[in-house]
Amino acid sequence: KLVSRELKETPTMVRVGGVPVGGRGLVVMAGPCAVESEEQLLSAARAVKAAGAQILRGGAFKPRTSPYAFQGLEEEGLKMLARVREEVGLPFVTEAVDTRDVALVAEYADALQIGARNMQNFRLLKEAGATGKPILLKRGLAATIEEWLMAAEYILDSGNPNVILCERGIRTFETATRFTLDLAAVAVVKENSHLPVIVDPSHGTGSWRLVLPMARAAVAAGADGLIIEVHPDPARALCDGPQSLHPETFDRLMGELAPVALAV
Ligand code: PEP
Ligand code: MN
Numbered sequence: 070k071l072v073s074r075e076l077k078e079t080p081t082m083v084r085v086g087g088v089p090v091g092g093r094g095l096v097v098m099a100g101p102c103a104v105e106s107e108e109q110l111l112s113a114a115r116a117v118k119a120a121g122a123q124i125l126r127g128g129a130f131k132p133r134t135s136p137y138a139f140q141g142l143e144e145e146g147l148k149m150l151a152r153v154r155e156e157v158g159l160p161f162v163t164e165a166v167d168t169r170d171v172a173l174v175a176e177y178a179d180a181l182q183i184g185a186r187n188m189q190n191f192r193l194l195k196e197a198g199a200t201g202k203p204i205l206l207k208r209g210l211a212a213t214i215e216e217w218l219m220a221a222e223y224i225l226d227s228g229n230p231n232v233i234l235c236e237r238g239i240r241t242f243e244t245a246t247r248f249t250l251d252l253a254a255v256a257v258v259k260e261n262s263h264l265p266v267i268v269d270p271s272h273g274t275g276s277w278r279l280v281l282p283m284a285r286a287a288v289a290a291g292a293d294g295l296i297i298e299v300h301p302d303p304a305r306a307l308c309d310g311p312q313s314l315h316p317e318t319f320d321r322l323m324g325e326l327a328p329v330a331l332a333v
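Here full-length UniProt numbering runs 69 ahead of the position in the sequence shown, where the first position is 1.
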């Protein structure tokens with residue numbers, strides 16, 4: 070298999086904009102769950118860049134549980150992301166939720182995110198892969214590590230080697246956290262694959278307080294990076310406010326990560 074470490078010993082390095090992910094160092098992607106306005110995005114982007122994040126995140130197409138919840142600004146949001154990229158100087162990753170949007174998202178984005186709910190949408194994987202853009206592949210809510218790696222295999226098989234895996238928590242019987250963040254998956258992936266793997270402690274816990282220890286733990290477990298939700302005003306966020314870090318808290322977290330990253 071193309072994802073397998075038996076086939077390729079050396080870690081794969083994926084470039085997002087100019088930023089290398091995998092192989093060495095820790096890469097932090099941060100920004101709001103959803104792009105809500107240019108002002109909100111610019112404020113978040115400036116804050117995460119100042120704190121040391123290297124890649125901006127933000128959803129323009131949102132996969133929401135309820136059809137009545139905010140669904141994203143779509144192309145308007147992509148345009149805001151592109152303008153803020155120029156203004157702040159951060160490449161960005163954003164989600165494509167449907168094959169019909171892949172070409173549009175790829176026109177703007179530095180990397181395409183495939184969300185947990187679409188991990189086994191095989192047509193979407195192939196179409197996203199065919200753009201040649203780096204793909205951030207989130208683990209499905211109820212996917213085994215093997216199924217997740219096979220989803221990555223679809224992208225590699227489409228001729229695109231630039232896949233970043235993202236552990237974002239799985240469904241278990243536990244209700245104290247939004248999902249159960251499977252940090253052992255990081256070590257398992259590292260053992261079996263050459264692909265970079267990052268961790269999303271925001272969706273993995275659902276609570277901003279828990280993001281801090283789980284981010285440190287992810288780095289200690291050997292993750293190549295983190296993706297973290299940061300909002301200038303979490304209480305007013307249109308999406309995932311309870312798990313979004315205030316910019317000051319994000320800045321504090323970045324300071325805490327440095328010594329952990331040095332130790333691994
Ligand atoms: C997100 O990153 O905003 C998101 C919806 O993530 P997931 O697909 O992991 O739920
Ligand atoms: Mn979110």
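For every residue, glycine included, the Cβ atom is placed at its ideal position computed from N, Cα and C.
All figures in this text were calculated on a predicted structure; none of them were measured in a lab.
Distance check for residue j and residue i, CA to CA, integer angstroms please.
i: lysine 77; j: threonine 200; result: 23 Å
i: glutamate 107; j: isoleucine 239; result: 32 Å
i: glutamine 109; j: cysteine 235; result: 25 Å
i: glycine 146; j: glycine 209; result: 25 Å
i: alanine 284; j: arginine 169; result: 34 Å
i: alanine 120; j: valine 90; result: 18 Å
i: arginine 278; j: glutamine 312; result: 8 Å
i: aspartate 179; j: valine 162; result: 6 Å
i: phenylalanine 139; j: lysine 148; result: 18 Å
i: cysteine 102; j: alanine 290; result: 25 Å
i: glutamate 317; j: arginine 154; result: 21 Å
i: methionine 98; j: glycine 198; result: 21 Å
i: isoleucine 183; j: leucine 125; result: 16 Å
i: leucine 205; j: leucine 314; result: 21 Å
i: leucine 307; j: glutamate 105; result: 7 Å
i: arginine 305; j: serine 73; result: 43 Å
i: asparagine 187; j: alanine 330; result: 31 Å
Would you say residue i touches the ligand PEP, meaning its beta carbon is less than 8 Å from a heavy atom?
i: proline 270; result: no
i: isoleucine 296; result: yes
i: glutamate 143; result: no
i: arginine 240; result: no
i: alanine 113; result: no
i: glutamine 132; result: Residue 132 is actually proline in this sequence, not glutamine. Because some heavy atom of the ligand PEP lies under 8 Å away, the Cβ of proline 132 counts as near it: yes.
i: glutamine 189; result: no
i: glycine 184; result: yes
i: glutamate 216; result: no
Using a threshold of 9 Å, state whether the C-beta atoms of residue i and residue j are closer than that.
i: lysine 207; j: asparagine 231; result: no
i: leucine 295; j: valine 96; result: yes
i: alanine 221; j: leucine 252; result: no
i: isoleucine 214; j: alanine 151; result: no
i: alanine 113; j: proline 301; result: yes
i: alanine 165; j: leucine 181; result: yes
Which word fits residue i, buried or exposed, when buried means at least 16 other C-beta atoms lie within 10 angstroms of its C-beta?
i: phenylalanine 191; result: exposed
i: phenylalanine 319; result: buried
i: serine 135; result: exposed
i: residue 334; result: The structure shown does not extend to residue 334, since the chain is modelled only from 70 to 333, so the question has no answer here.
i: phenylalanine 242; result: exposed
i: threonine 244; result: exposed
i: arginine 321; result: exposed
i: tyrosine 223; result: buried
i: proline 270; result: buried
i: valine 171; result: buried
i: glycine 87; result: exposed
Just list the residues that DSSP pairs residue i with in beta bridges.
i: cysteine 235; result: Lys207 and Ile267
i: threonine 79; result: None, per the DSSP bridge assignment.
i: phenylalanine 161; result: Leu125
i: serine 73; result: Ser262
Under the criterion of a Cβ to heavy atom distance below 8 Å, does residue i qualify as lining the ligand MN?
i: glycine 201; result: no
i: glycine 128; result: yes
i: cysteine 308; result: yes
i: glutamine 312; result: yes
Please confirm whether any heavy atom of the ligand FMN lies closer than 8 Å to the CB of residue i.
i: lysine 148; result: Within the structure as shown, the ligand FMN is missing, the only ligands being the ligand PEP and the ligand MN.
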